[in-house]
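Colleague:
In UniProt numbering, the protein residues as written are 1 to 289.
1. Could you spell out where the alpha helix (DSSP H) holding residue 206 opens and where it closes?
2. Cα-Cα, which of 216, 215, 233 and 214 is closest to residue 223?
3. Classify residue 261 as helix, strand or coil using the three-state DSSP reduction.
4. Rounding to the nearest angstrom, what Cα-Cα distance links residue 55 and residue 24 in this structure?
5. Within the UniProt domain "HTH araC/xylS-type" (180 to 289), note down every full alpha helix (DSSP H) run reaching 4 residues or more, in order along the chain.
6. Report yes if the CB atom of residue 237 is closer than 8 Å to the CB atom of residue 189, and no otherwise.
7. For residue 134, name the three-state secondary structure that DSSP assigns.
8. So is residue 143 in contact with chain D if we call contact Cβ pairs under 8 Å?
9. Roughly how many angstroms separate the alpha carbons of residue 60 and residue 68, rounded to a whole number?
10. Does residue 112 come out as helix, strand or coil in the three-state DSSP assignment?
11. Counting Cβ pairs, one atom from each stretch, are 3 or more of them under 8 Å apart for the stretch 40 to 51 and the stretch 78 to 92?
12. Take residue 239 and list the residues in its own chain whose beta-carbon comes closer than 8 Å to its own, dropping the five residues that flank it on each side.
13. So residue 110 packs on residue 164, CB below 8 Å; how close in whole Å?
14. Nearest to residue 76 by alpha carbon, out of 245, 118, 254 and 48?
15. Compute the Euclidean distance between the alpha carbons of residue 281 and residue 287, then round it to the nearest angstrom.
16. In whole angstroms, what is the alpha-carbon distance linking residue 284 and residue 210?
17. Quickly, what does DSSP pair residue 47 with across the bridge? List them, please.
18. Looking at the strands, I want to know which residues DSSP matches up with residue 93.
19. How would you call residue 22, buried or exposed, if buried means at least 16 neighbouring beta carbons within 10 angstroms?
20. Would the stretch 192 to 203 and the stretch 243 to 261 be scored as touching if the rule is three or more Cβ pairs under 8 Å?
21. Near residue 134, which residues of its chain fall below 6 Å by C-beta distance, leaving aside the five closest residues on each side in sequence?
22. By alpha-carbon positions, which one of 84, 157, 66 and 142 ends up nearest to residue 128?
23. Would you check if the distance between the CB atom of residue 208 and the CB atom of residue 235 is smaller than 8 Å?
24. Does residue 93 pass the burial test, meaning 16 or more other C-beta atoms within 10 Å, or should it be called exposed?
25. State the DSSP-derived secondary structure class of residue 142, mapped to helix, strand or coil.
26. Which same chain residues end up closer than 7 Å to residue 63 when comparing Cβ atoms and leaving out the 5 residues on each side of it in sequence?
27. Report yes if the C-beta distance between residue 203 and residue 156 is below 8 Å; otherwise report no.
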């Protein structure tokens, strides 16, 4: 049994960061499968195997060829039950795909939006066609063609449009222990917000409502589940993680206190100072060496 999960780092994450795009082949050698922990990439994958995919508070059992669309917000994992598996995948940032396009964002796309259905079962003809597009991408990826990025965007958009003509899979199942599952997803999504890598982008998710919206559940359901499973309110988990990150940034970076506060979602330095003092009993500057 093989496990693929989107929570580890990969040797060529820097390649994705540099170019905004990566395409690769999947095979039965798990050590060669790239896995990313970045928050800002999308993924399209065609895979032939017997698998169980966990997506948000749902799961799906597959036995054959499927096409999967992953977004940066919803945590998901992929457990391969068969001995072998094969396919292709590409990962990309929204900036890469929408470089010259001011139309709707990917978050609004039927394939990537929160609450959408990101998994399609393919027949032999569909598999052959999608495989051929990935094979062309892999071949072109290694060339020095000056308009290679535009060509890659065209291939990705062709896959997206072909998929929108298909019927999504209807084999999703709800987990028997919904509270445990949604809590696990919340905690994983919380961890995905950290560590803070830049002082120029404020923390995207700050409140239970933010997390509930990202996980496509009602905030009351999220709060009940988290409290039932962990014994602590959702806000307590968020607060503890923000404070721990604030301490790390204060101790291990040369960012100004104002920049640290902004990166953690506080519009004004005074808000950050008051928040930090209320929860720790001391002011942020006391942690500076």
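Note that the Cβ used here is the ideal one computed from N, Cα and C, for glycine as well.
Modeller: According to the data block:
1. To locate residue 206, count along the chain shown from 1; it is residue 206. For residue 206, no alpha helix (DSSP H) segment is defined, and its DSSP state is neither H nor E.
2. Here residue 223 is taken as the residue at index 223 of the chain shown, counted from 1. Of the candidates 216, 215, 233 and 214, the one whose C-alpha sits nearest the C-alpha of residue 223 is 233.
3. Taking the chain shown and counting its residues from 1, one reaches residue 261 at position 261. Looking at residue 261 - three-state DSSP - the assignment turns out to be helix.
4. Here residue 55 refers to the residue found at position 55 when the chain shown is read from its first residue. Here residue 24 refers to the residue found at position 24 when the chain shown is read from its first residue. Distance between residue 55 and residue 24, taken at the CA atoms: about 22 Å.
5. Every unbroken stretch of the alpha helix (DSSP H) spanning 4 or more residues and falling wholly within the UniProt domain "HTH araC/xylS-type" (180 to 289) is given here in chain order: 208 to 214, 219 to 230, 234 to 252, 257 to 263 and 269 to 280.
6. For the purposes of this step, residue 237 is taken as the residue at position 237 of the chain shown. For the purposes of this step, residue 189 is taken as the residue at position 189 of the chain shown. Cβ atoms of residue 237 and residue 189: not closer than 8 Å.
7. Indexing the chain shown from 1 puts residue 134 at position 134. Of the three classes helix, strand and coil, the one that applies to residue 134 here is helix, per DSSP.
8. You won't find chain D in this structure, because it holds only one protein chain.
9. Residue 60 sits at position 60 when you count from the first residue of the chain shown. Residue 68 sits at position 68 when you count from the first residue of the chain shown. Going from the Cα of residue 60 to the Cα of residue 68 covers about 11 Å.
10. By one-based count along the chain shown, residue 112 stands at place 112. In this structure, DSSP gives residue 112 a state outside helix and strand, which the three-state scheme calls coil.
11. A contact exists between the stretch 40 to 51 and the stretch 78 to 92.
12. Position 239 of the chain shown, counting from 1, holds the residue named residue 239. Contacts found: 279.
13. Sequence index remark: in the chain shown, residue 110 carries index 110 (1-based). Sequence index remark: in the chain shown, residue 164 carries index 164 (1-based). Their Cβ separation, rounded to whole angstroms, is 6 Å, which keeps residue 110 and residue 164 in contact under 8 Å.
14. The residue you call residue 76 lines up with position 76 of the chain shown. Ranking 245, 118, 254 and 48 by Cα distance to residue 76 puts 118 first.
15. In the chain shown, residue 281 corresponds to position 281, counting from 1. In the chain shown, residue 287 corresponds to position 287, counting from 1. Straight-line spacing of the CA atoms in residue 281 and residue 287 works out to 12 Å.
16. Position 284 of the chain shown, counted from the first residue, corresponds to residue 284. Position 210 of the chain shown, counted from the first residue, corresponds to residue 210. Going by the C-alpha atoms only, they are around 26 Å apart.
17. Here residue 47 refers to the residue found at position 47 of the chain shown. Secondary-structure assignment with DSSP links residue 47 through a beta bridge to 66 and 87.
18. Start at 1 with the first residue of the chain shown, and residue 93 comes out as number 93. BP columns for residue 93 point to 41.
19. Counting from one through the chain shown, the residue named residue 22 turns up at place 22. Per the 10 Å Cβ criterion, buried.
20. Yes, since at least three Cβ pairs between the stretch 192 to 203 and the stretch 243 to 261 fall closer than 8 Å, the two stretches touch.
21. Stepping through the chain shown from its first residue, residue 134 is reached at position 134. Apart from the 5 residues on each side of it in sequence, residue 134 sits with its Cβ closer than 6 Å to the Cβ of 88 in its chain, given in chain order.
22. One-based indexing of the chain shown puts residue 128 at position 128. Nearest C-alpha to residue 128 among 84, 157, 66 and 142: 66.
23. Counting from one through the chain shown, the residue named residue 208 turns up at place 208. Counting from one through the chain shown, the residue named residue 235 turns up at place 235. Yes, the pair counts as a contact, with Cβ atoms nearer than the cut-off.
24. Along the chain shown, one-based indexing puts residue 93 at 93. Counting Cβ neighbours within 10 Å, residue 93 comes out buried, since at least 16 surround it.
25. Indexing the chain shown from 1 puts residue 142 at position 142. It is coil, neither helix nor strand.
26. Counted from its first residue, the chain shown places residue 63 at position 63. Result list for residue 63: 50, in chain order.
27. The residue given as residue 203 occupies position 203 in the chain shown. The residue given as residue 156 occupies position 156 in the chain shown. Contact: no.
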